[in-house]
């Protein structure tokens, strides 16, 4: 995992073209969060709710870069998960807690007035931060989300790992099965 900060810095440079940072009316915001998944406990920032699918000791690292002229790019790296398995992951409105539900719903740039949000007009990878990934033979996975907006006064507070990749069909859009694990992120 030592290579991840360097990789994140390289991704930040790739997102910010030379000379564009000074032209931005507001500064770029860089976010990073790291955790080793454990059982839920007071103060835990990386929690597994299903250790059979996200074992205690598995790790997650989130990097985010948000700037007016480029939008928001979020990277997720995971290690120690079940090998060769599809997972969903999304930014959520609340920090991690004792249960997966504590993280609240998916963060949406334009909130759906209907809850739960399953309308593809709102529950989609352009209005939410979707980080679906499939692990390799040793349980490592990577995902990237790029959206054309930045955060205003509202910000997501966690990334939740879900049971499946996100669905896109009406009535199920954005759903991805059970909440398996959560990493608190100060976006």
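Numbering (mature numbering (1 follows the signal peptide of the UniProt record, and there is no 0)), first residue to last: -23 to -1, 1 to 164. Backbone N, C-alpha and C define an ideal beta-carbon position, used for all residues, glycine too. Note that the structure is predicted; figures quoted are calculated from it, not measured.
Got a sec, what are the start and stop residues for the beta strand (DSSP E) residue i sits in?
| i | result |
| --- | --- |
| residue 122 | 118 to 124 |
| residue 54 | 48 to 56 |
Is the Cβ-Cβ distance between residue i and residue j less than 8 Å?
| i | j | result |
| --- | --- | --- |
| residue 164 | residue 133 | yes |
| residue 53 | residue 124 | no |
| residue 77 | residue 57 | no |
| residue 95 | residue 46 | no |
| residue 65 | residue 105 | no |
| residue 158 | residue 138 | yes |
| residue 23 | residue 41 | no |
| residue 63 | residue 161 | no |
| residue 122 | residue 102 | yes |
| residue 60 | residue 112 | yes |
| residue 14 | residue 25 | yes |
Residues bridged to residue i by DSSP?
| i | result |
| --- | --- |
| residue 110 | 64 |
| residue 137 | 67 and 159 |
| residue 6 | 43 |
| residue 36 | 13 and 56 |
| residue 23 | 160 |
Candidates the options: which alpha carbon is nearest residue i's?
| i | options | result |
| --- | --- | --- |
| residue 128 | 32, 58 and 68 | 68 |
| residue 81 | 75, 88 and 71 | 71 |
| residue 27 | 161, 160, 162 and 156 | 156 |
| residue 39 | 47, 55 and 29 | 55 |
| residue 5 | 49, 14, 15 and 23 | 49 |
| residue 141 | 153, 131, 130 and 147 | 153 |
| residue 75 | 62, 43, 100 and 16 | 16 |
| residue 145 | 120, 162, 122 and 99 | 99 |
What does the Cβ neighbour count give for residue i, buried or exposed, with the cut at 16 atoms within 10 Å?
| i | result |
| --- | --- |
| residue 126 | exposed |
| residue -15 | Because the pLDDT of residue -15 is 46, which lies under 50, any placement of that residue in the model is unreliable, and the question is left without a value. |
| residue 3 | exposed |
| residue 118 | buried |
| residue 18 | exposed |
| residue 29 | exposed |
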